[in-house]
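S.K.: Here's a structure for you.
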Amino acid sequence: MKKNYVFFLLLVLLGTVSWAQETITVQGKITEADTGVPVPSANVIEKGTSNGVMTNFDGEFSIDVPADAVLTITYVGYARKEVPVNGNASLDIQLEIEASALEEVVVVGYGTQKKANLTGAVTTIDSEVLQSRPVPNVSQMLQGVVPGLNFQTSGLGGELNSGLNFNIRGAGTIGSGSNSAPLVLVDGMEASLDAINPQTIESITVLKDAAASAVYGSRAAFGVILVTTKDGQSGAPRVSYSNNFRFTSPIQVPNMMDSHTFALYWNEAAVNAGQAPPFSQEVIDRIVQYQAGEIDYGTVPNANGDRYQYYTGSNANTDWFDELYKDFSFSQEHNLSLSGGSEKTTYFTSARLVDQGGLLEYGEDSLDEYDFTGKLRTEISKHVKFNYSTRFSRENYNRSTQQGGLFYHNIARRWPTVPVRDPNGYFTDSSGEIIQLEDGGRADNLTDRLFMQGQLTITPIENWNIYAIGNYKVTNTNNHVDVLPAYGYDVAGNPYPVSVGWNSPGYSSVYEYNRKEDYFSTNIYSDYVFDINQDHNFKLMAGFNSEVTKYRTIGASRSGLITPDLPTINTATDESKATEGQYQHWSVAGFFGRLNYNFKEKYLLELNARYDGSSRFINDKRWNLFPSISAGWNIAKEDFWKWDSIQLLKLRGSYGELGNQNTNNWYPFYQSMPIGTANGGWLLNGERPNTASAPGLVSSLLTWERVKSWNAGFDMALLKNRLNLSAEYFNRKTIDMVGPAPELPAILGTAVPRINNADMESYGFELEINWRDRIGDFNYSVRGVLSDSQQKVVNYPNPTNSISDWYNGRKMGEIWGYTTVGIAKTDEEMQNHLANTNQSQLGSDWQAGDIMYADLNGDGEINSGNGTLGDTGDLSILGNSTPRYRFGLDLSGDFKGFDFRVFIEGFGKRDYMPNGPYFWGANGGMWQSAGFEEHMDYFRNEESPMVQAGLADVNLDAYYPRPSFNGGKNQQTQSRYIQDASYIRLKNVQLGYSFNSYNDSRIRVYISGENLLTFSKMIDIFDPESVGLGGWSDGKTYPYSQVLSAGLNINF
């Protein structure tokens, strides 16, 4: 504490040392040179000191400085300017707009480059874009912002701890034995993208092609995301505080049928399947009475009088989605940062608190996050600099143990006839989700991450730098899960145990798990910049990198808790305890180098090479060389170029090779012996012994997946850099992918290892356009991105060309299915169809209301043939589920303190074939089906119970076939039900106002909305961002959310 006090006192002294001289008060105004418009929030700093202020909205400032001081003026987008005071108490200063598109410096692998001199595929996003949306994580901020950076909702849907899965330029492997995740580096250290406080980010650079990623080697085969966090700035201490208060509501939640409609729909589906109707007329009468308000009880006792009836015997009218999900939940976020320093030493610290509330009405779910960042940069001497940074984050996700795939599955198939509470006021045991959420136990997931980095920079001579960087990261994960007994109540109010999840009634248990990950990396590299006659410009860089990651896990579980109030391993009574634990590690090392050359910034050349080694491969396959080359031609620099309105016109291209070492098996070349516990086939001293089996085979041939890619593009800057354009076309081939194990005779007696035996190709394009301008006091910008990628298997060991597996020429996402003729409106129409087309292989008892399929091959039979490319029967490719033409449109502006932002994103093309009860309704039996209002558009003639009851009209032109609990024949993958999953979503709208400030203070208030509008042709049951997700079948996930929020930003 004493040292901290001394350090703070030194900072204060540094900020006040200039007061020891004779000072004057300088007042001034800063305007733009071309227009005379005031420049607000410009930095005005006394050169050589930390004494500084900021201009107000009118561009005015006031600062006390020595009479002979020099003022340094800086502001983003304007050229830096130094102004001598010379004893003047009043100054009018004009700033020139900087040629940002040409002079901007961007972060690349192990260094920086002028944006105009880049020859690889690189996109950089600055903090202005990143911090414009009040969302809790970086993934959401980047969605739709970077062309070629693709995000998709994870399998958890909208759960609080769910992130977004992402890739660069599409999937790079088929995923059978490896993965194609991009490398994420935060200030040069590997990290999770969502483990970063978004408010601390200065910029994000995405390296997309092999040339741009080459120096990172095997970890970067499918691109790199470089996150650069904020540093302290010289000048007086600056404090920033921001908050955001969010109200979250579920969207795209299905609407359950009312009970009367549901009962008749259920009866009709049962009769169509040849089963007895589940609801009697007596129960249907009670349902009608309940809905009319004539009775107030949702169930009656059973025949024995001891327990209440549910499902087919109850008569309530419950919408379980409305019951289980809140109308809205509340969350809040607070950020505080402090920065400042002198010209030689700067500091930056920040802290964040996020408290997110979930949408569950029962068994509350919550996510708490805490972040701290500290950075120090100091110039020890003219030739030596030292930087140190540390980041700590804690994430605590707390929820009901029963919140998971089975829970979402059960909600969908819960019957509206079941009441929430019985006549005595207790939760009914058939409202099982509520009992389980409230009483069935809690799961607590706690993750702590600590990042530390030290960097020493030595500059022996001008333009020669030597860097030594050490990184350490430790991640601790602690999970506690307990399952507690839950109880229903009989007619007399006596409790009885009920099942919780898959467990038997009365079951209880506890599970404890700990995982520790230690990551170490060392980077030692050097760069040297020189020129020949000021025309030939060179930059050389070479270095060494090593990374080691170690994992340790330990877990234990035990059942039979003594008391639910203290769920621990020691308070459980079961004699058998399940334990687990393991140690693992991997390491990589590499030597890398880069040469940059340009002639008068007209002709550009970059050469990269990396010699990489990985612990995941056997010794003679461990090391490999991966080179790349890129070049560019800035035509606008040529003497013959006469168009002054075009400041940049650069053509560029690249080719490179990288290796992917991200195999699913970390030790594929070590033989292991499967062991079993107490599973021997004989008794030894009255007990079954442990066993060990013969080791499996390993492959001595498994090696690197090679990723070869080429990229062609151009960049333009026009109209004084107000308009910037960029375009790319790319082709990426993954050679020697880890594919399936070769087929060997079963007599071998053991599993065959996977080998490198498959190839895949990815290709596509990317476009980006950015326009910035000013009309009087109105500043505005328009930024649009568009990208597309497709993946195709080029080589795969599938000798029969089965379409149920990968085959040569297959595109990722292909949907095979039948072609639909239509729904037969009469029995006669169906019989006429069957006279020429035999559909018996798909089902029997074809009637009016059933699907008629097209006989594509003309053999009179509807079938899938042999299921091979040479014989697909009546199957054909109906569509493709790969998202195409991803786009984002960002509109922003400000006018006299007011500011706004509108962000739109979506897909231009995507096909999707839903499955399961969310889509079909009646599906696979009454206990696996669902009844939503959207399912009411089904085939009905005059004989339908729904029509006879007067609840619905005849519907011969229906969307769905007649409902049936044995309706598989009508629910084949087919052309009629392929969904157009493209969409346009109003992702964010924000309106803010910044109050007039004094000197360096600024206050801004704003309101914001997320996911406000969606335009899609999909059936309303599904959210287009989460199609294909769900436990058990499509749609069964935590709902997506709409967010309304308000916040405050203060800088002083």
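Residue numbers (mature numbering (1 follows the signal peptide of the UniProt record, and there is no 0)): -20 to -1, 1 to 1032.
A virtual CB, placed ideally from N, CA and C, is assigned to each residue, including glycine.
From a predicted model like this one, the values you see are computed outputs, not experimental measurements.
#1: Is any non-hydrogen atom of the ligand ZN found closer than 8 Å to the C-beta of Asp276, if you look at the structure I gave you?
#2: Since Glu990 sits in a beta bridge, which residues does DSSP pair it with?
#3: Could you have a look at Gly570 and say whether DSSP puts it in helix, strand or coil?
#4: Are the segment 110 to 124 and the segment 164 to 179 touching, with three or more C-beta to C-beta distances below 8 Å?
#5: Identify the continuous alpha helix (DSSP H) that holds Phe227 and give its terminal residues.
#6: I'd like to check one pair, Pro46 with residue 1039: are the Cβ atoms closer than 9 Å?
#7: May I have a chain-ordered list of the alpha helix (DSSP H) segments no shorter than 4 residues that lie completely inside the segment 872 to 950?
#8: If you draw a straight line from the alpha carbon of Val801 to that of Leu628, how long is it in whole angstroms?
#9: Using beta-carbon positions only, say whether Thr326 and Leu304 come within less than 9 Å of one another.
#10: Between which two residues does the alpha helix (DSSP H) harbouring Thr241 extend?
#11: My output table needs one value for Met792: the three-state DSSP class, helix, strand or coil.
#12: Just confirm the distance between the C-beta atoms of Gly636 and Asn588, as a whole number of angstroms; I'd bet it's less than 8 Å.
#13: Leaving aside the five residues before and after Gln1022 along the sequence, list all residues of the same chain whose C-beta is less than 6 Å from its C-beta, in chain order.
#14: Please give the ranges of any beta strand (DSSP E) in the segment 800 to 879, keeping only runs that are unbroken, at least 3 residues long and fully inside the region.
#15: According to DSSP, simplified to helix, strand and coil, what is Met998?
#16: Taking Cβ positions, are Val19 and Thr29 nearer each other than 9 Å?
#17: Can you look up Arg149 in the DSSP assignment and give me helix, strand or coil?
#18: What do you reckon, are the CB atoms on Ala938 and Ser608 nearer than 9 Å?
#19: Helix or strand or just coil, what does DSSP make of Met327?
#20: Name the one or two DSSP bridge partners that Ser761 has.
#21: Are the beta-carbon atoms belonging to Arg965 and Gly886 less than 9 Å from one another?
#22: Report the three-state DSSP secondary structure of Arg374 (helix, strand or coil).
#23: For the beta strand (DSSP E) that Gly535 lies in, which residues bound it at each end?
#24: Could you tell me the alpha carbon to alpha carbon distance between Leu747 and Val762, rounded to whole angstroms?
#25: Cα separation between Asn376 and Glu349?
#26: Expressed to the nearest angstrom, what Euclidean distance is found between the alpha-carbon atoms of Lys453 and Ser501?
#27: DSSP three-state call for Asn642: helix, strand or coil?
#28: Checking the sheet assignment: what are the DSSP bridge partners for Lys630?
#29: Measuring CB to CB, does Ile842 end up less than 9 Å from Leu858?
#30: Could you pull the start and end residues of the alpha helix (DSSP H) that Ala466 belongs to?
#31: Can you name the start and end residues of the beta strand (DSSP E) that Arg266 belongs to?
#32: Could you tell me if Asp830 is buried or exposed, where buried requires 16 or more neighbouring beta carbons within 10 angstroms of its beta carbon?
#33: On the criterion of 16 or more Cβ atoms from any shown chain inside 10 Å, does Ala726 qualify as buried, or is it exposed?
#34: Ignore the nearest five residues each way along the sequence and tell me which others in Pro257's own chain have a CB closer than 7 Å to its CB.
#35: What's the call for Lys94, buried or exposed, on a 16-neighbour Cβ count within 10 Å?
#36: With DSSP as the reference, identify every bridge partner of Gln312, one or two as the case may be.
M.R.: Looking at the coordinates:
#1: Because no ligand of any kind appears in the structure shown, any question about the ligand ZN cannot be addressed here.
#2: Position 1010 of the sequence shown, counted from the first residue, corresponds to residue 990. DSSP, once it has assigned bridges, lists Asn968, Val1023 as partnering Glu990.
#3: As a first step, residue 570 is located in the sequence shown; it is residue number 590 there, counting from the start. Gly570 falls in the strand class under three-state DSSP.
#4: yes
#5: Taking the sequence shown and counting its residues from 1, the one referred to as residue 227 is at position 247. Segment 215 to 231 is the beta strand (DSSP E) holding Phe227; no alpha helix (DSSP H) there.
#6: Limits of the chain in this structure are -20 at one end and 1032 at the other, which puts residue 1039 out of reach.
#7: 897 to 900, 925 to 928
#8: On the sequence shown, position 821 is the one that residue 801 refers to. On the sequence shown, position 648 is the one that residue 628 refers to. Taking the straight line joining both Cα atoms gives about 56 Å.
#9: As a working note, residue 326 is residue 346 in the sequence shown. As a working note, residue 304 is residue 324 in the sequence shown. Not closer than 9 Å, so no.
#10: Numbered from 1 along the sequence shown, position 261 holds the residue referred to as residue 241. Residue range 239 to 252 is occupied by the alpha helix (DSSP H) that includes Thr241.
#11: Residue 792 sits at position 812 when you count from the first residue of the sequence shown. In this structure, Met792 counts as coil in the three-state DSSP scheme.
#12: One-based indexing of the sequence shown puts residue 636 at position 656. One-based indexing of the sequence shown puts residue 588 at position 608. Confirmed, Cβ separation roughly 7 Å.
#13: Reading the sequence shown from its first residue, position 1042 is the one you call residue 1022. Only Ser229, Ile231, Asn991 meet the Cβ criterion.
#14: 800 to 803, 831 to 833, 856 to 860, 864 to 875
#15: Here residue 998 refers to the residue found at position 1018 of the sequence shown. Three-state DSSP puts Met998 in coil, outside helix and strand.
#16: For this step, residue 19 is matched to residue 39 along the sequence shown. For this step, residue 29 is matched to residue 49 along the sequence shown. Cβ atoms of Val19 and Thr29: not closer than 9 Å.
#17: The residue given as residue 149 occupies position 169 in the sequence shown. Coil at Arg149, not helix or strand.
#18: Working through the sequence shown from its first residue, we reach residue 938 at position 958. Working through the sequence shown from its first residue, we reach residue 608 at position 628. Going by C-beta atoms, Ala938 is not nearer than 9 Å to Ser608.
#19: On the sequence shown, position 347 is the one that residue 327 refers to. Rather than Met, the amino acid found at residue 327 in this sequence is Tyr. Looking at Tyr327 - three-state DSSP - the assignment turns out to be strand.
#20: Start at 1 with the first residue of the sequence shown, and residue 761 comes out as number 781. In DSSP, Ser761 forms a bridge with Arg752, Ser872.
#21: In the sequence shown, counting from the first residue as 1, residue 965 sits at position 985. In the sequence shown, counting from the first residue as 1, residue 886 sits at position 906. Contact: yes.
#22: Mapped onto the sequence shown, residue 374 falls at position 394. Reduced to three states, the DSSP call for Arg374 is strand.
#23: Counted from its first residue, the sequence shown places residue 535 at position 555. Where Gly535 is concerned, the enclosing beta strand (DSSP E) stretches over 516 to 539.
#24: Along the sequence shown, one-based indexing puts residue 747 at 767. Along the sequence shown, one-based indexing puts residue 762 at 782. C-alpha separation (whole angstroms): 14 Å.
#25: The residue labelled residue 376 in the question sits at position 396 within the sequence shown. The residue labelled residue 349 in the question sits at position 369 within the sequence shown. Distance between the alpha carbons of Asn376 and Glu349 is about 6 Å.
#26: What you label residue 453 is simply residue 473 of the sequence shown in a count that begins at 1. What you label residue 501 is simply residue 521 of the sequence shown in a count that begins at 1. Distance between the alpha carbons of Lys453 and Ser501 is about 9 Å.
#27: Counting from 1 along the sequence shown, the entry for residue 642 is found at position 662. Asn642 falls in the coil class under three-state DSSP.
#28: Position 650 of the sequence shown holds residue 630. Answer is Asn614, Asp695.
#29: Here the question's residue 842 lines up with position 862 in the sequence shown. Here the question's residue 858 lines up with position 878 in the sequence shown. No, the Cβ-Cβ distance between Ile842 and Leu858 is not below 9 Å.
#30: For the purposes of this step, residue 466 is taken as residue 486 along the sequence shown, with counting starting at 1. Taken as a continuous stretch (DSSP letters only), Ala466 belongs to no alpha helix (DSSP H), being part of the beta strand (DSSP E) at 466 to 469.
#31: Walking along the sequence shown from the start, residue 266 turns up at place 286. Run containing Arg266: none in the beta strand (DSSP E); it sits in the alpha helix (DSSP H), 261 to 271.
#32: Counting from one through the sequence shown, the residue named residue 830 turns up at place 850. Buried, by the Cβ-count rule.
#33: Your numbering for residue 726 matches position 746 in the sequence shown. Label assigned to Ala726: exposed.
#34: Mapped onto the sequence shown, residue 257 falls at position 277. Only Asn247, Ala250, Val251 meet the Cβ criterion.
#35: For this step, residue 94 is matched to residue 114 along the sequence shown. Counting other Cβ atoms within 10 Å of its Cβ, Lys94 stays below 16 and is therefore classed as exposed.
#36: Looking up residue 312 in the sequence shown gives position 332. In the DSSP output, where bridge partners are listed per residue, Gln312 has Phe225, Asp335.
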